[in-house]
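Each remark here refers to the structure printed beneath this line.
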Amino acid sequence: MDVNLLCSTLRKDTLLKEIIYFPKIESTNTYAQILKFKDDTLVVTNHQTKGKGRFGRSWISQEGQNLAFTLVKKIKIHVDEIQLLNLYTAYSLATTLKKMFPDIAEKFSVKWPNDILLRDKKVAGILIEVQNLKDTEKTFLIGIGLNVNQTGFDPGISSRATSLRNELNYEIQREKILIEFMNFFYENVQLINSKRDLIKNWESQSAFINKKVRFKQMEDSEIAEGIAKGLDDDCGLMIELDCGTVKTFYSGEISFVY
Ligand code: BTN
Numbered sequence: 000m001d002v003n004l005l006c007s008t009l010r011k012d013t014l015l016k017e018i019i020y021f022p023k024i025e026s027t028n029t030y031a032q033i034l035k036f037k038d039d040t041l042v043v044t045n046h047q048t049k050g051k052g053r054f055g056r057s058w059i060s061q062e063g064q065n066l067a068f069t070l071v072k073k074i075k076i077h078v079d080e081i082q083l084l085n086l087y088t089a090y091s092l093a094t095t096l097k098k099m100f101p102d103i104a105e106k107f108s109v110k111w112p113n114d115i116l117l118r119d120k121k122v123a124g125i126l127i128e129v130q131n132l133k134d135t136e137k138t139f140l141i142g143i144g145l146n147v148n149q150t151g152f153d154p155g156i157s158s159r160a161t162s163l164r165n166e167l168n169y170e171i172q173r174e175k176i177l178i179e180f181m182n183f184f185y186e187n188v189q190l191i192n193s194k195r196d197l198i199k200n201w202e203s204q205s206a207f208i209n210k211k212v213r214f215k216q217m218e219d220s221e222i223a224e225g226i227a228k229g230l231d232d233d234c235g236l237m238i239e240l241d242c243g244t245v246k247t248f249y250s251g252e253i254s255f256v257y
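For the sequence shown, position 185 (counting from the first letter as 1) is numbered 184 according to numbering that gives the first Met the number 0, and the numbering increases by one without interruption.
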């Protein structure tokens with residue numbers, strides 16, 4: 000990874016105060032959590048050995064192929080609105096990728112709440128952790144894993160995971176994507192305060208709206224099927240069930256029903 004390019008460009012173009020690079024580390028999120036970094040710090044690695052995913056899952060990434068990083072960002076946001084940061088991060092990453100790779104732009108989509116899909120397979124995951132939930136200004140650890148140049152995936156996930164290179168068939172410079180993403184993120188971060196605009200923008204990138212979906216709620220594993228109608232003001236996913244009632248879900252996972 001070209002750390003010089005990363006540091007010189009990001010320090011010039013964004014409000015990032017510190018960039019910490021590790022050739023190898025267990026997890027950029029875990030590291031940021033333990034060390035309690037200052038606001039606007041970016042932790043990035045070339046090889047993450049114990050990456051964390053949502054719902055206690057692991058995030059596996061081949062050495063030197065992908066992007067794995069955590070942005071430490073302080074934001075004044077009410078506890079009930081935190082989901083907006085998930086939507087904003089996914090929206091920022093999807094928009095960055097669409098801009099950078101116009102030939103395949105229409106193949107990118109967001110999956111509620113914050114996965115990025117490429118041709119309906121997962122290309123990026125986002126794990127946002129918060130350190131001080133009770134404070135008005137909270138410190139967020141925004142962890143992002145993006146499959147860039149990895150071409151093979153474990154058999155268990157190969158039908159659901161992909162990378163940019165799998166679609167583009169050429170090697171991609173990882174640093175450029177990180178730089179573009181950071182620029183977009185910082186330039187548009189006020190969108191978090193315009194809830195309806197953010198939700199509208201996020202919905203416009205979702206491949207699920209008005210499609211038949213299956214929803215698995217995490218707390219009780221309840222499974223529901225119906226048509227995804229969009230997000231309510233609390234960023235919950237509204238699904239019109241087969242019986243006609245609209246139910247809103249706040250935590251869980253959706254998948255297409257073909
Ligand atoms: C998910 O889809 O479940 C979220 C995956 C998040 C992975 C990233 S990689 C960088 C950061 N460090 C981690 O340990 N996890 C996040």
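Glycine included, every Cβ here is placed at the ideal spot set by N, Cα and C.
Any non-hydrogen atom of the ligand BTN closer than 7 angstroms to residue i Cβ
{"i": "arginine 159", "result": "no"}
{"i": "leucine 236", "result": "no"}
{"i": "lysine 23", "result": "no"}
{"i": "arginine 56", "result": "yes"}
{"i": "lysine 51", "result": "yes"}
{"i": "leucine 126", "result": "yes"}
{"i": "asparagine 168", "result": "no"}
{"i": "asparagine 28", "result": "yes"}
{"i": "glutamine 143", "result": "It should be pointed out that residue 143 corresponds to isoleucine in this sequence rather than to glutamine. Correct: isoleucine 143 has its Cβ closer than 7 angstroms to the ligand BTN."}
{"i": "alanine 227", "result": "no"}
{"i": "aspartate 79", "result": "no"}
Selected residue, minimal CA-CA separation from residue i, among the options
{"i": "aspartate 231", "options": "Glu221, Ile198 and Gln204", "result": "Ile198"}
{"i": "glutamate 224", "options": "Asp233, Cys234 and Cys242", "result": "Cys242"}
{"i": "isoleucine 24", "options": "Asp38, Leu15, Asn187 and Asn45", "result": "Asn45"}
{"i": "glutamine 130", "options": "Ser158, Phe21 and Lys75", "result": "Lys75"}
{"i": "lysine 72", "options": "Phe21, Thr13 and Pro22", "result": "Thr13"}
{"i": "leucine 167", "options": "Asn192, Asp153, Leu70 and Lys97", "result": "Lys97"}
{"i": "tyrosine 169", "options": "Phe248, Phe100 and Thr95", "result": "Phe100"}
{"i": "isoleucine 226", "options": "Ile238, Ser220, Met217 and Leu177", "result": "Ile238"}
{"i": "serine 157", "options": "Ile191, Val122, Thr95 and Ile178", "result": "Val122"}
{"i": "isoleucine 208", "options": "Gly229, Ile222 and Asn192", "result": "Gly229"}
{"i": "arginine 53", "options": "Val245, Pro154, Arg195 and Gly124", "result": "Gly124"}
{"i": "glutamate 221", "options": "Leu84, Gln82, Arg56 and Phe248", "result": "Phe248"}
{"i": "methionine 217", "options": "Leu132, Arg10, Thr8 and Gly55", "result": "Gly55"}
Exercise. Take every Cβ of the region 148 to 167, pair it with every Cβ of the region 48 to 55, and state whether three or more of those distances are shorter than 8 angstroms.
Key: When Cβ pairs closer than 8 angstroms are counted between the two stretches, the region 148 to 167 is seen not to touch the region 48 to 55, the count staying below three.
Quiz item: How about the region 242 to 256 and the region 206 to 217: do they share at least three Cβ pairs that are nearer than 8 angstroms?
Solution: As far as the Cβ criterion goes, the region 242 to 256 touches the region 206 to 217, which means the pair count is three or higher.
Quiz prompt | the region 58 to 65 / the region 90 to 107 touching (three or more Cβ pairs under 8 angstroms) | solution = With contact defined as three or more Cβ pairs closer than 8 angstroms, the region 58 to 65 and the region 90 to 107 are not in contact.
Self-check item: Minimum length 3: unbroken beta strand (DSSP E) runs contained in the region 187 to 241
Solution: Listed in chain order, the complete beta strand (DSSP E) runs (minimum 3 residues) inside the region 187 to 241 are 211 to 216, 222 to 230 and 236 to 240.
Quiz item: Fully enclosed by the region 107 to 181, which alpha helix (DSSP H) runs are 4 residues long or longer?
Solution: Entirely contained in the region 107 to 181, the alpha helix (DSSP H) runs reaching 4 residues are, in chain order, 163 to 167.
Quiz item: Taking contact to mean at least 3 C-beta pairs separated by less than 8 angstroms, is the region 65 to 74 in contact with the region 140 to 160?
Solution: With a cut-off of 8 angstroms on Cβ pairs, the region 65 to 74 is in contact with the region 140 to 160, counting three or more such pairs.
Quiz item: Do the region 200 to 208 and the region 111 to 129 meet, that is, are 3 or more Cβ pairs less than 8 angstroms apart?
Solution: Using a Cβ-Cβ distance cut-off of 8 angstroms, the region 200 to 208 and the region 111 to 129 are in contact, since at least three pairs of beta carbons, one from each stretch, lie closer than that value.
Quiz item: Any chance the region 100 to 109 sits against the region 31 to 42, with 3 or more Cβ pairs inside 8 angstroms?
Solution: With contact defined as three or more Cβ pairs closer than 8 angstroms, the region 100 to 109 and the region 31 to 42 are not in contact.
Self-check item: Those runs of the alpha helix (DSSP H) which lie wholly inside the region 44 to 88 and span at least 4 residues
Solution: Within the region 44 to 88, no run of alpha helix (DSSP H) at least 4 residues long lies entirely inside it.
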